[in-house]
Amino acid sequence: MLPNGDIVRQVLLGEKGVCETVSSDALVIDMSTIHPLQTDALIRELQEKGINMMDAPVGRTSVNAIDGTLLILAGGTDEQIARARPILMCMGNELVEAGGPGMGIRVKLINNYMSIALNALSSEAAVLCESLGLNLDVGAIKVMSGTAAGKGHFTTTWPGKVLKGDLSPAFMVDLALKDLRIAVDVARKTGAPLNMGIAAESYYAAASQDGKGRQDWSALLNQVRQQAGL
Numbered sequence: 021m022l023p024n025g026d027i028v029r030q031v032l033l034g035e036k037g038v039c040e041t042v043s044s045d046a047l048v049i050d051m052s053t054i055h056p057l058q059t060d061a062l063i064r065e066l067q068e069k070g071i072n073m074m075d076a077p078v079g080r081t082s083v084n085a086i087d088g089t090l091l092i093l094a095g096g097t098d099e100q101i102a103r104a105r106p107i108l109m110c111m112g113n114e115l116v117e118a119g120g121p122g123m124g125i126r127v128k129l130i131n132n133y134m135s136i137a138l139n140a141l142s143s144e145a146a147v148l149c150e151s152l153g154l155n156l157d158v159g160a161i162k163v164m165s166g167t168a169a170g171k172g173h174f175t176t177t178w179p180g181k182v183l184k185g186d187l188s189p190a191f192m193v194d195l196a197l198k199d200l201r202i203a204v205d206v207a208r209k210t211g212a213p214l215n216m217g218i219a220a221e222s223y224y225a226a227a228s229q230d231g232k233g234r235q236d237w238s239a240l241l242n243q244v245r246q247q248a249g250l
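In this text, residue positions in the sequence shown follow our numbering: the first is 21, and each later residue adds one.
Here it is as structure tokens:
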């Protein structure tokens with residue numbers, strides 16, 4: 021696991037690098053978190069040299085690394101993953117087959133994006149809680165740990181709604197937009213920063229303007245898909 025793609029490239033393809041000495045039947049496994057396009061390029065260049073390469077970045081924490089309970093996100097052919105599994109499972113207790121070579125880092129990227137962005141959103145919510153004079157343990161931690169705010173939409177609202185194609189409203193987009201705007205207004209008045217909330221407001225407003233206002237709030241997924249051209 022190396023800190024960036026340039027170092028991975030140097031180790032593999034640089035002077036006295038791995039590719040100068042590795043045997044033709046070797047399988048190179050990159051466990052670094054680097055740009056997916058760098059991973060793709062390295063896989064392609066090693067293939068041109070007759071060397072197999074897959075990616076297997078990891079999830080969870082440094083404690084899991086010490087305990088050997090990391091989540092392995094394997095991107096490779098069936099044969100590559102089967103060959104690598106005994107080695108990878110020495111470091112982790114769960115292996116997710118993400119797809120072909122280069123797909124592991126893509127799953128890791130999405131996971132990190134959401135985790136890092138949620139850290140910022142959680143920080144904003146905590147500061148708003150404090151700025152309103154609420155006890156953080158009650159106003160945020162106890163309440164949010166029992167709702168979609170803390171549990172996340174992948175496992176709460178989405179499975180029974182937008183992922184099934186059911187947009188009948190349990191909680192309408194327009195109502196979500198109304199509540200979000202109240203929170204943003206309160207934050208402005210108390211001086212609490214709500215940059216993540218302002219960004220979210222633009223998505224909900226666009227969904228409402230596009231006729232999704234009376235759909236379930238999970239329809240926001242379709243709004244973002246639409247903006248992505250999907």
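All C-beta atoms in this analysis are idealised placements derived from N, C-alpha and C, irrespective of residue type, glycine included.
Any idea if residue i is buried or exposed, counting beta-carbon neighbours within 10 angstroms, 16 or more meaning buried?
{"i": "Glu35", "result": "exposed"}
{"i": "Lys128", "result": "buried"}
{"i": "Tyr224", "result": "buried"}
{"i": "Val114", "result": "It should be noted that the sequence gives Glu, not Val, for residue 114. Exposed."}
{"i": "Met192", "result": "buried"}
{"i": "Met51", "result": "buried"}
{"i": "Gln229", "result": "exposed"}
{"i": "Asp199", "result": "exposed"}
{"i": "Val15", "result": "The question about residue 15 has no answer, for the chain in this structure spans 21 to 250."}
{"i": "Thr59", "result": "buried"}
{"i": "Glu40", "result": "exposed"}
{"i": "Gly88", "result": "exposed"}
{"i": "Gly112", "result": "buried"}
{"i": "Lys232", "result": "buried"}
{"i": "Ile63", "result": "buried"}
{"i": "Asp186", "result": "exposed"}
{"i": "Leu183", "result": "exposed"}
Thinking residue i and residue j are a contact (beta carbons under 8 Å), I'd like their distance in whole angstroms, please.
{"i": "Ala124", "j": "Ala76", "result": "Here residue 124 is Gly; the residue named in the question, Ala, does not match the sequence. With 8 Å as the limit, Gly124 and Ala76 qualify as a contact, their Cβ atoms being about 5 Å apart."}
{"i": "Pro254", "j": "Gly153", "result": "Since the displayed the chain opens at 21 and closes at 250, residue 254 lies outside it and no answer follows."}
{"i": "Ala262", "j": "Ala160", "result": "Nothing can be reported for residue 262: it is not among the residues displayed for the chain, which extend from 21 to 250."}
Would residue i count as contacting chain C if we go by Cβ distances under 8 Å?
{"i": "Ala226", "result": "This model lacks chain C altogether, as it is built from one protein chain only."}
Quickly, what does DSSP pair residue i with across the bridge? List them, please.
{"i": "Glu114", "result": "Leu91"}
{"i": "Met192", "result": "Asp236"}
Open item on the list: Does the segment 102–109 come into contact with the segment 130–141, if we say contact requires no fewer than three beta-carbon pairs (one atom in each stretch) closer than 8 Å?
Closed with: no
Open item on the list: List, from N- to C-terminal side, the alpha helix (DSSP H) runs of 4 residues or more that fit wholly inside the segment 30–83.
Closed with: 38–41 and 56–68
Task: Entirely enclosed alpha helix (DSSP H) segments - the segment 196–243, minimum 4 residues - done: Runs of the alpha helix (DSSP H) spanning 4 or more residues and lying entirely within the segment 196–243 occur at 215–227, in chain order.
TODO: Answer yes if the segment 44–52 comes into contact with the segment 63–83, meaning at least three C-beta pairs across the two stretches below 8 Å, and no otherwise.
DONE: yes
Task: Cβ contact (3+ pairs, closer than 8 Å) linking the segment 236–247 and the segment 175–189 - done: The segment 236–247 makes contact with the segment 175–189, as at least three CB pairs between them are under 8 Å.
Open item on the list: If we require 3 or more residues per run, which beta strand (DSSP E) segments fall completely within the segment 99–180?
Closed with: Taking 3 residues as the minimum length, the beta strand (DSSP E) runs contained wholly in the segment 99–180 are 112–119, in order along the chain.
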